[in-house]
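**Q** Numbering (this note's numbering), first residue to last: 5 to 305.
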């Protein structure tokens with residue numbers, strides 16, 4: 005029978021943890037969990053999906069007459085769980101800023117209440133996304149197929165929830181919720197990105213949307229589209245400046261085809277069409293059509 009030096013490994017791992025905690029000026033005092041749980045948030049998001057779409061993403065044996073009871077029971081548990089995670093995030097920030105714990109708990113409670121109150125509006129936004137996918141894809145046979153099967157819709161459920169958490173100053177929870185969808189779909193949407201109603205990502209794999217991107221209504225993207233930053237300016241301390249507007253603005257009714265890369269704080273005007281595999285770092289006028297050929301034939305400045 006094999007034996008392993010588990011005790012030696014445990015001691016070595018403890019030493020590694022302590023080295024990290026010392027380098028990050030963390031306390032070695034025994035305390036409870038300090039950070040939100042990825043697994044806990046995954047369970048909360050699954051519950052919220054069921055509460056938002058009970059007859060399609062809820063339990064398989066749910067009946068219409070039990071819908072409200074299920075939604076109420078599920079929401080109560082999900083919001084209580086979210087409150088625990090919100091307190092963990094805010095207490096972590098509070099320890100660094102010497103904020104009173106009672107004030108942190110009150111702030112977490114207010115944030116989760118506001119999040120819960122926003123769920124009906126999130127549902128309506130998601131309905132517009134589902135409808136846009138159904139109307140925009142000739143292969144879609146029903147809105148139910150779209151909701152149950154399309155990775156772009158799954159990513160948008162996560163994004164609509166994550167964006168609300170981000171706006172409520174819970175950026176770590178928001179990022180975890182976003183990354184859960186990223187891992188499942190290959191679609192990377194930062195929770196800070198602002199996305200209007202009726203958004204559709206056809207196929208979606210490889211789409212990247214940065215933190216400060218602003219997307220209007222009825223916008224359609226195909227796979228491998230990047231809405232990214234062109235440069236990352238440094239501050240006086242030599243570190244990257246955070247929070248600067250650095251990603252594109254996409255106005256209403258824009259279509260962006262597969263593989264297009266749009267970088268920097270540029271504006272794609274309403275109704276513009278961006279062809280596949282183009283590279284754009286300048287504004288595009290409303291209604292314009294940009295293709296590889298049009299960019300190659302454009303005179304040099």
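Built from N, CA and C at the ideal position, the CB exists for glycine as well.
Treat the numbers as computed from the prediction; the structure is a model and nothing was measured.
Tell me where the beta strand (DSSP E) around residue 48 begins and ends.
**A** Here the question's residue 48 lines up with position 44 in the chain shown. First-last for residue 48: 42-56, but that is the alpha helix (DSSP H), not the beta strand (DSSP E).
**Q** Looking at the secondary structure, which residues open and close the alpha helix (DSSP H) in which residue 129 lies?
**A** To locate residue 129, count along the chain shown from 1; it is residue 125. Counting along the chain, the alpha helix (DSSP H) containing residue 129 begins and ends at 123-140.
**Q** Using alpha carbons as the reference points, say which of 131, 263, 231 lies closest to residue 215.
**A** On the chain shown, position 211 is the one that residue 215 refers to. Ranking the options by Cα distance to residue 215, first place goes to 231.
**Q** Confirm, please, whether the CB-CB distance from residue 262 to residue 296 is below 8 Å.
**A** Mapped onto the chain shown, residue 296 falls at position 292. Mapped onto the chain shown, residue 262 falls at position 258. No, the Cβ-Cβ distance between residue 296 and residue 262 is not below 8 Å.
**Q** Identify whether residue 37 lies in helix, strand or coil by the three-state DSSP scheme.
**A** To locate residue 37, count along the chain shown from 1; it is residue 33. Reduced to three states, the DSSP call for residue 37 is coil.
**Q** Could you give the DSSP three-state label for residue 247: helix, strand or coil?
**A** Sequence index remark: in the chain shown, residue 247 carries index 243 (1-based). Of the three classes helix, strand and coil, the one that applies to residue 247 here is coil, per DSSP.
**Q** With DSSP collapsed to three states, give me the class of residue 191.
**A** What you label residue 191 is simply residue 187 of the chain shown in a count that begins at 1. Note: residue 191 maps to coil in three-state DSSP.
**Q** Could you name the residues that DSSP lists as bridge partners for residue 213?
**A** Here residue 213 refers to the residue found at position 209 of the chain shown. BP columns for residue 213 point to 193, 231.
**Q** When DSSP labels each residue in this structure, what does residue 147 get in the three-state scheme?
**A** The count along the chain shown starts at 1 and reaches residue 147 at position 143. Residue 147: helix per DSSP, three-state reduction.
**Q** Return the chain-ordered list of same chain residues with a C-beta closer than 8 Å to the C-beta of residue 184, the five sequence neighbours on each side being excluded.
**A** Counting from one through the chain shown, the residue named residue 184 turns up at place 180. Excluding positions up to five away in sequence, the list reads 42, 45, 46, 49, 162.
**Q** One question on the structure: do residue 98 and residue 155 come within less than 8 Å of each other, judged by their Cβ atoms?
**A** Looking up residue 98 in the chain shown gives position 94. Looking up residue 155 in the chain shown gives position 151. Contact flag unset, no.
**Q** What whole-angstrom Cβ distance do residue 234 and residue 268 have, given they're in contact under 8 Å?
**A** For the purposes of this step, residue 234 is identified with residue 230 of the chain shown, where counting begins at 1. For the purposes of this step, residue 268 is identified with residue 264 of the chain shown, where counting begins at 1. With a Cβ gap of about 3 Å, residue 234 and residue 268 count as contacting.
**Q** Work out the CA separation of residue 249 and residue 205 for me, nearest whole Å.
**A** Within the chain shown, the letter at position 201 stands for residue 205. Within the chain shown, the letter at position 245 stands for residue 249. Those two C-alpha atoms are separated by around 23 Å.
**Q** Going along the chain, which residues of its own chain have a beta-carbon closer than 7 Å to the beta-carbon of residue 90, five neighbours each way excluded?
**A** On the chain shown, position 86 is the one that residue 90 refers to. For residue 90, where only same-chain residues beyond five positions count, the Cβ hits under 7 Å are 112, 115, 116, 174, 177.
**Q** Spatial neighbours of residue 127 within its chain, please: C-beta separation below 7 Å, excluding the five flanking residues on both sides.
**A** As a position in the chain shown, residue 127 is number 123, starting the count at 1. Excluding residues within five positions, the ones whose Cβ falls inside 7 Å are 56.
**Q** Pop quiz: residue 158 and residue 188 are said to be a contact at Cβ under 8 Å. What is the actual Cβ separation, rounded to whole angstroms?
**A** Against the chain shown, residue 158 aligns to sequence position 154. Against the chain shown, residue 188 aligns to sequence position 184. Confirmed, Cβ separation roughly 7 Å.
**Q** Quick check: what's the CA-CA separation for residue 304 versus residue 281?
**A** Start at 1 with the first residue of the chain shown, and residue 304 comes out as number 300. Start at 1 with the first residue of the chain shown, and residue 281 comes out as number 277. Note that residue 304 has pLDDT 48, beneath the 50 cutoff, so the model's placement of it is unreliable and no number is given.
**Q** Below 6 Å CB to CB, which residues in the same chain sit around residue 266 once its five sequence neighbours on both sides are set aside?
**A** Here residue 266 refers to the residue found at position 262 when the chain shown is read from its first residue. Around residue 266: 231, 252, 284.
**Q** Mind checking whether residue 219 and residue 203 have CB atoms under 8 Å apart?
**A** By 1-based counting over the chain shown, the position of residue 219 is 215. By 1-based counting over the chain shown, the position of residue 203 is 199. Yes; because the gap between Cβ atoms is below 8 Å, this pair is in contact.
**Q** Might you give, ordered along the chain, the residues of its own chain that have their beta carbon closer than 7 Å to the beta carbon of residue 19, omitting 5 neighbours on each side?
**A** Walking along the chain shown from the start, residue 19 turns up at place 15. There are no such residues.
**Q** Rounded to whole angstroms, how far is the Cβ of residue 105 from the Cβ of residue 40, which I believe are closer than 8 Å?
**A** In the chain shown, residue 105 corresponds to position 101, counting from 1. In the chain shown, residue 40 corresponds to position 36, counting from 1. About 17 Å separates the two Cβ atoms, so there is no contact after all.
**Q** Are the CB atoms of residue 259 and residue 271 within a distance shorter than 8 Å?
**A** Taking the first residue of the chain shown as position 1, residue 271 is located at position 267. Taking the first residue of the chain shown as position 1, residue 259 is located at position 255. Cβ distance not < 8 Å, so residue 271 and residue 259 don't count as in contact.
**Q** Should residue 217 be labelled buried (16 or more other beta-carbon atoms within 10 Å of its own) or exposed?
**A** If you number the chain shown from 1, residue 217 lands on position 213. Burial call: buried.
**Q** State the DSSP-derived secondary structure class of residue 204, mapped to helix, strand or coil.
**A** Along the chain shown, read from residue 1 onward, the residue named residue 204 stands at position 200. Residue 204: strand per DSSP, three-state reduction.
**Q** Kindly indicate which residue of 101, 118, 51 has the alpha-carbon position closest to the one of residue 172.
**A** Mapped onto the chain shown, residue 172 falls at position 168. Nearest of 101, 118, 51 to residue 172, Cα basis: 118.
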